[in-house]
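Report on the structure given below.
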Amino acid sequence: MSATSYFYLPSVSVLGAGSLNEIGEQASRLARRFLLITDTYLASTDITSRIRRLLAVKQIDMVIYDKVRPNPTLDSVNEAASLYAETGCGGVISLGGGSAHDCAKAVAVLAANPAPIEQYAGVDRFPNEGAPVITVNTTAGTASEITNCFLLTDTRSNTKLIFEGVNALASVAIDDPELMLTLPRDLTAATGMDALTHAIECYVSTASYKLTDELARIAVRYIFRSLPVAVTDPGDLDARDDMVYGQYMAGMAFGNGGVGLVHATAHALGGLYNLPHGLLNAVLLPHVMHFNKRQCDRRYAELYAAIEPLKAKDLPAGRGAAAFIAEVRQLSKAIGTDIPLHNLGVREEDFETIAAKALSDACCDTNPVCPARSDIIGILKSAY
Ligand SMILES: NC(=O)c1ccc[n+]([C@@H]2O[C@H](COP(=O)([O-])OP(=O)(O)OC[C@H]3O[C@@H](n4cnc5c(N)ncnc54)[C@H](O)[C@@H]3O)[C@@H](O)[C@H]2O)c1
Ligand SMILES: [Fe+2]
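No gaps in the numbering here: position 184 of the sequence shown is 522 in our numbering, and each next residue is one more.
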């Protein structure tokens, strides 16, 4: 018998090539003026002018905030929230990957809840439903366009704060693979490994359940099949489409079934060094899997069977699990994300601090093996 489970998702998702064309129709039932939250590069592209035109057809205005940086900060949220209030917006559109979506979801929360945003860090802390948010996703990815959480960096403590709650859900998510054709190889690889990490960590999470299990297994299959193709040939629309669905299913899974120690440690490193979230997950993933293996042989072996059904047949769980970890290492190597931490500027003298931050990160609570500080230091050493 299953226990009671919650499943969160935006009320509308529009997926597939050309889905950006639906933005005017979707926006017209939500507000008359939107704040578009993005970065300077995406603001300068044709996607932004297309969004402006598609909204104008429905007599909808758009104001632009283009200063989001990767690992968005509390300061950028405050700045964008001021612009939202000053210009009389009634909704937010995010254009980009997880950084734009996370900033936008925070701005929408502040539109209906008193500042400062940091008082709402934790679970279900913002009482009022936020302003409507339309997430236009351009990476595959964090799946932040559909999850009920966002992460902001407090640059005073160099810590990533996690905010979670039903009021952090977007109203509409748009996942158009055509918008991802320009994503460079390195970002395709790193963001794709983030999605793979979501699926694998969720599959062994202590909060997973039947629905998240199914989604995570399918996501792993899609990502193994199409991530190497998308990295080798960024213009392959079929591979991009597969990655949209793979990351989306991984997002439905982890957004409801949790992640684990890879994310907890990546958040600690991301807060300290402002390194790309997906790349950190890619680097840590095989090491944390090796650490979790004692508890997860059967589950990892099931994921191996999802990608290699013939080879996995009749294999004992321990060998299936080892084969799956080897596949993850091989994939990461093939797409260039197996970079030692020391090459990313991580300092050994920070290991104690990183381990302490990872232990206090909420994602650590759903890891299948409860780590000690020394375990995390061991993982950091092996990834160094
Ligand atoms: N809320 C959640 O559920 C959740 C989950 C995982 C990660 N995150 C957060 O998401 C952030 C990372 O997001 P991300 O990995 O999507 O990267 P990102 O949003 O930080 O973007 C990285 C870079 O990619 C560029 N880019 C994006 N789309 C592009 C395109 N189509 N063509 C060319 N360049 C493009 C951007 O300009 C940017 O410079 C982190 O802050 C992480 O903590 C949130
Ligand atoms: Fe992630």
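Each residue gets a CB set at the ideal place from its N, CA and C atoms; glycine is no exception.
- In the three-state reduction of the DSSP assignment, residue 511 falls in the strand class.
- With respect to residue 624, residue 666 sits close: the two C-beta atoms are nearer than 8 Å.
- Rounded to the nearest whole angstrom, the CA to CA distance from residue 455 to residue 481 is 22 Å.
- A direct Cα-Cα distance of roughly 42 Å separates residue 618 from residue 397.
- Cβ neighbours of residue 614 within its own chain (closer than 7 Å, five residues either side excluded): 408, 528.
- A direct Cα-to-Cα measurement between residue 660 and residue 340 gives close to 29 Å.
- Between ligand 1 and the CB of residue 509, the shortest heavy atom gap is not smaller than 7 Å.
- Straight-line measurement puts the Cα of residue 520 at about 14 Å from the Cα of residue 513.
- 474 is the residue among 701, 366, 593, 474 whose C-alpha sits nearest the C-alpha of residue 380.
- Straight-line spacing of the CA atoms in residue 563 and residue 579 works out to 12 Å.
- Between residue 469 and residue 526, the C-beta gap is not smaller than 8 Å, which leaves the two residues out of contact.
- Distance from the CA atom of residue 378 to the CA atom of residue 453, rounded to whole angstroms, is 26 Å.
- Residue burial is scored here from C-beta neighbours: residue 680 has fewer than 16 other C-beta atoms within 10 angstroms and is therefore classed as exposed.
- Counting the other CB atoms within 10 Å of its CB gives residue 457 a total below 16, which places it among the exposed residues.
- Annotated as distal: residue 541 and residue 533, with beta-carbon spacing of 8 Å or more.
- Between residue 647 and residue 582, the gap from beta carbon to beta carbon reaches 8 Å or more.
- Between ligand 1 and residue 612, a heavy atom-to-CB distance of less than 7 Å is absent.
- Within the same chain, Cβ atoms closer than 6 Å to the Cβ of residue 351 are found at 511, the five residues on either side in sequence being excluded.
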